[in-house]
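Data block below; observations after.
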Amino acid sequence: MSHIHIENLNVWFGDGADRVDAVKNATFDVPSGASFGLVGESGSGKSTILRAIMGLAPTWSGTIQVGDFKLGKKRPKDFYKDVQMVFQDPYASLHPRHSVDQVLGETLSLHGFKDIDNRIMKLLDDVGLGPAFRFRYPHQLSGGQRQRVAIARALAPEPSVILLDEPTSALDVSVQAEVLNLLSDLREEHKLTYLMVSHNLAVVAHMCDATAVMQNGEIVEVMTVEDMRAMNPAHPYTKHLLDSSFGYNPDAAQSA
Amino acid sequence: MTPLLDVKNLRVTFPTRQGEFEAVRGVSFTLGKERLGIVGESGSGKSMTGRAILRLIRPPGRVEADKMELHGRDLLSMSEKEMQGVRGQKISMVMQDPKFSLNPVMTIADQIMEIYRFHTGAGKKAAWAKAIEMLEAVSIRDPERVMRSYPHEMSGGMGQRIMIAMMLVTEPEILIADEPTSALDVSVQTQVLSIIDRLVRERGMGLIFISHDLKLVSSFCDRVLIMYAGRVVEVCEADKLDQATHPYTRGLLGSLPDIRHPKDRLEVLKRDETWRIAESVSGRT
């Protein structure tokens, strides 16, 4: 059964002559408990899809269904509990003057949880940070630790879906490995569904069962991870992305 | 044959409230007419090494070395005025993001012509012609129009190619490229790299390519220095990077997800205090 169902999604910004169609006729399904990737270059509309789901891009048309919620202009309160997002840059997405305790505590109390104290400890433990991190401020944390806090915040309301917008692209590869492992573990443990945006095909191939490839606001291809491993793309653009992910190739550079 | 650049025991130090912090600790290497890659994670000192060569470290930061020579000329003892004759003319540098390295209130033409005229004393007409020629060399279509534009009118890939054109207009002997393609999309990345590759080969320049991307460096460069905590932990031929022996390099390679070789869990790097203490490996040939 599909947990996220997107059909003929259009997202645009501006009006009249200034209108920019950021996403055109996007259609895809994510089964419950699966992990689905969106890849493409900057400006291809991949983050815009996440923002439309979250309600951060108000001008859209088409169908967005997440779990039991069929989304319209207004979203029920429960939706915001069930769907959470982790952003790219942990340096920008955490309030510099709120401690980890405040960040998690505020989220928990907003969502009406009672045993906040225990839950904060549990969340910190879930993301591999000890109790020692509870009263630290973001500047006392490394990039990887900050991203763990951002993930803990996303986990706090006990969501079923987490939208990940380039969760590791601001991190070093060794830290990226830790965060990706953590995300895999959490998905298993909490039965989460992931929708993950990345420009890095190797990361998506590692994390996701299937991936939509986007170019200029359109989904040019939806491919399974097996197709990706077999280097079996249907669209020339996907082939180009796959080739580039293996580093610099002088022959490819000639034809580009 | 004497190398273009000879660096021995380079150290970059910053005073802090907790005492001196050594960002680069005893790095040695030589550069010939080759593509030398420097890889490492953030904070490993790779960018500092590049900047130290051009003496771009501002006080209270200090640059020290037993030897830092360009064609046998000591860079450390040069006056600031002599350094200006080196920067941009003998050694050029391309930084990561063209948005921050181009002057937003000057046209492309003015910026390229300024550097060319400063170093060669050429007239306006000659500088214009030279700038057009360079823009064509970096595959920019319609260079006349681009010359009259401002940086904000350019895309990221175009901006980076313009930076490269500007840095190569004086025909330097060494190009230091600090993460030149990290801010660019993959398709543009390939294009910019092929331009750098072609120019470096055609002009017989030496290239220092600083990057965090192991795959990119191993496929693009001839030789690689791997830096950790301000030191070089390993030097290897770029195409033999997958046979690297140092546990840090192995750990980095293992932590990369690989499309063709799926694994359930990525390797997590276990840092070893001895890597930090060990002597820097020399990249001198």
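These protein sequences, in sequence, are chains A and B. Taking my numbering, the leading residue of the first sequence gets 15, the next gets one more, and so forth. Taking my numbering, the leading residue of the second sequence gets 936, the next gets one more, and so forth. Each residue gets a CB set at the ideal place from its N, CA and C atoms; glycine is no exception. Note that the structure is predicted; figures quoted are calculated from it, not measured.
For residue j and residue i, believed in contact at Cβ under 8 angstroms, the rounded distance
i: residue 6(A); j: residue 999(B); result: Residue 6(A) lies beyond the stretch modelled for chain A, which goes from 15 to 270, so this question has no answer here.
i: residue 25(A); j: residue 62(A); result: 5 angstroms
i: residue 52(A); j: residue 211(A); result: 5 angstroms
i: residue 1173(B); j: residue 1157(B); result: 6 angstroms
i: residue 1041(B); j: residue 1059(B); result: With 8 angstroms as the limit, residue 1041(B) and residue 1059(B) do not qualify as a contact, their Cβ atoms being about 15 angstroms apart.
i: residue 117(A); j: residue 148(A); result: 10 angstroms between Cβ atoms; not a contact.
i: residue 229(A); j: residue 58(A); result: 6 angstroms
i: residue 44(A); j: residue 209(A); result: 6 angstroms
i: residue 938(B); j: residue 1024(B); result: That belief does not hold up - the Cβ atoms of residue 938(B) and residue 1024(B) are roughly 19 angstroms apart, past 8 angstroms.
i: residue 1152(B); j: residue 974(B); result: 5 angstroms
i: residue 926(B); j: residue 1102(B); result: Here chain B comprises residues numbered 936 to 1220, so residue 926(B) is not present and cannot be evaluated.
i: residue 1130(B); j: residue 1096(B); result: 6 angstroms
Residue i - containing alpha helix (DSSP H), residue span
i: residue 1041(B); result: Neither: residue 1041(B) is in no alpha helix (DSSP H) and is coded neither H nor E.
i: residue 969(B); result: It is not in any alpha helix (DSSP H) - residue 969(B) carries neither H nor E in the DSSP assignment.
i: residue 981(B); result: 981 to 988
i: residue 242(A); result: 239 to 243
i: residue 246(A); result: Where residue 246(A) is concerned, there is no enclosing alpha helix (DSSP H), given that its DSSP letter is neither H nor E.
i: residue 143(A); result: Where residue 143(A) is concerned, there is no enclosing alpha helix (DSSP H), given that its DSSP letter is neither H nor E.
i: residue 1106(B); result: Counting along the chain, residue 1106(B) falls outside any alpha helix (DSSP H), and DSSP gives it neither H nor E.
i: residue 1118(B); result: Where residue 1118(B) is concerned, there is no enclosing alpha helix (DSSP H), given that its DSSP letter is neither H nor E.
i: residue 1012(B); result: Element bounds for residue 1012(B): n/a, residue is neither H nor E.
i: residue 1033(B); result: 1033 to 1036
i: residue 1216(B); result: Neither: residue 1216(B) is in no alpha helix (DSSP H) and is coded neither H nor E.
i: residue 937(B); result: Segment: none, residue 937(B) is in no alpha helix (DSSP H) and carries neither H nor E.
i: residue 120(A); result: 114 to 124
i: residue 296(A); result: The structure shown has nothing for residue 296(A), since chain A only spans 15 to 270.
From the options, residue whose alpha carbon lies closest to that of residue i
i: residue 109(A); options: 262(A), 202(A), 37(A), 152(A); result: 152(A)
i: residue 979(B); options: 1205(B), 1181(B), 1208(B), 1165(B); result: 1165(B)
i: residue 252(A); options: 1121(B), 1029(B), 1126(B); result: 1121(B)
i: residue 1018(B); options: 1039(B), 992(B), 996(B); result: 992(B)
i: residue 241(A); options: 54(A), 132(A), 225(A); result: 225(A)
i: residue 1127(B); options: 263(A), 97(A), 94(A); result: 263(A)
i: residue 940(B); options: 1080(B), 1209(B), 967(B); result: 967(B)
i: residue 244(A); options: 1197(B), 1204(B), 1056(B), 969(B); result: 1197(B)
i: residue 70(A); options: 222(A), 217(A), 86(A), 81(A); result: 86(A)
i: residue 102(A); options: 204(A), 205(A), 250(A), 193(A); result: 193(A)
i: residue 56(A); options: 994(B), 1092(B), 986(B); result: 1092(B)
i: residue 256(A); options: 1194(B), 1168(B), 1181(B); result: 1194(B)
i: residue 1026(B); options: 996(B), 1081(B), 959(B), 1105(B); result: 1105(B)
i: residue 82(A); options: 19(A), 188(A), 121(A), 215(A); result: 19(A)
i: residue 1186(B); options: 984(B), 1170(B), 1009(B), 1207(B); result: 1207(B)
i: residue 74(A); options: 94(A), 96(A), 92(A), 38(A); result: 38(A)
i: residue 170(A); options: 246(A), 138(A), 27(A); result: 138(A)
i: residue 959(B); options: 945(B), 1209(B), 989(B), 1125(B); result: 945(B)
i: residue 1209(B); options: 1189(B), 1084(B), 1183(B), 1192(B); result: 1183(B)
i: residue 143(A); options: 196(A), 40(A), 217(A), 104(A); result: 196(A)
i: residue 258(A); options: 219(A), 232(A), 215(A); result: 215(A)
i: residue 104(A); options: 188(A), 220(A), 160(A); result: 160(A)
i: residue 989(B); options: 957(B), 956(B), 970(B), 942(B); result: 942(B)
i: residue 157(A); options: 107(A), 175(A), 231(A), 92(A); result: 107(A)
i: residue 1074(B); options: 1160(B), 1213(B), 1123(B), 970(B); result: 1123(B)
i: residue 76(A); options: 42(A), 261(A), 175(A); result: 42(A)
i: residue 984(B); options: 1020(B), 1161(B), 1021(B), 1056(B); result: 1161(B)
Span of the beta strand (DSSP E), counted from its first residue to its last, around residue i
i: residue 1112(B); result: 1109 to 1113
i: residue 1003(B); result: 1002 to 1005
i: residue 945(B); result: 940 to 951
i: residue 997(B); result: 997 to 999
i: residue 1026(B); result: 1026 to 1029
Closer than 7 angstroms: residue i CB and nearest the ligand FMN heavy atom
i: residue 952(B); result: Only the bare structure without any ligand can be found here, which leaves the ligand FMN out of the picture.
If we require 3 or more residues per run, which beta strand (DSSP E) segments fall completely within the stretch 27 to 96 of chain A?
34 to 45, 49 to 54, 74 to 80
Uninterrupted alpha helix (DSSP H) stretches inside the stretch 168 to 224 of chain A (no shorter than 4 residues)
187 to 204, 215 to 221
Between the stretch 174 to 188 of chain A and the stretch 122 to 138 of chain A, can you find at least three pairs of beta-carbon atoms closer than 8 angstroms?
no
With three or more C-beta pairs closer than 8 angstroms as the rule, is the stretch 1033 to 1042 of chain B touching the stretch 996 to 1012 of chain B?
no
Is it a yes or a no for the stretch 1135 to 1148 of chain B touching the stretch 1102 to 1117 of chain B, going by three-plus beta-carbon pairs under 8 angstroms?
yes
Sequence ranges, alpha helix (DSSP H) only - wholly within the stretch 1055 to 1095 of chain B, length at least 4:
1059 to 1072, 1078 to 1082
Taking contact to mean at least 3 C-beta pairs separated by less than 8 angstroms, is the stretch 1130 to 1145 of chain B in contact with the stretch 948 to 960 of chain B?
no
Could you pull out every unbroken beta strand (DSSP E) segment of at least 3 residues lying fully inside the stretch 1145 to 1208 of chain B, listed in chain order?
1158 to 1163, 1166 to 1172
If contact is defined by three or more beta carbon pairs under 8 angstroms, each pair taking one atom from either stretch, is the stretch 1066 to 1073 of chain B in contact with the stretch 228 to 246 of chain A?
no
Below 8 angstroms, can you find three or more Cβ-Cβ pairs linking the stretch 1009 to 1025 of chain B to the stretch 1182 to 1202 of chain B?
no
Do the stretch 215 to 231 of chain A and the stretch 37 to 54 of chain A touch if we need at least three Cβ pairs shorter than 8 angstroms?
yes
Three or more C-beta pairs below 8 angstroms linking the stretch 959 to 966 of chain B and the stretch 1211 to 1218 of chain B
yes
Does the count of Cβ pairs from the stretch 158 to 178 of chain A and the stretch 131 to 142 of chain A closer than 8 angstroms reach three?
yes
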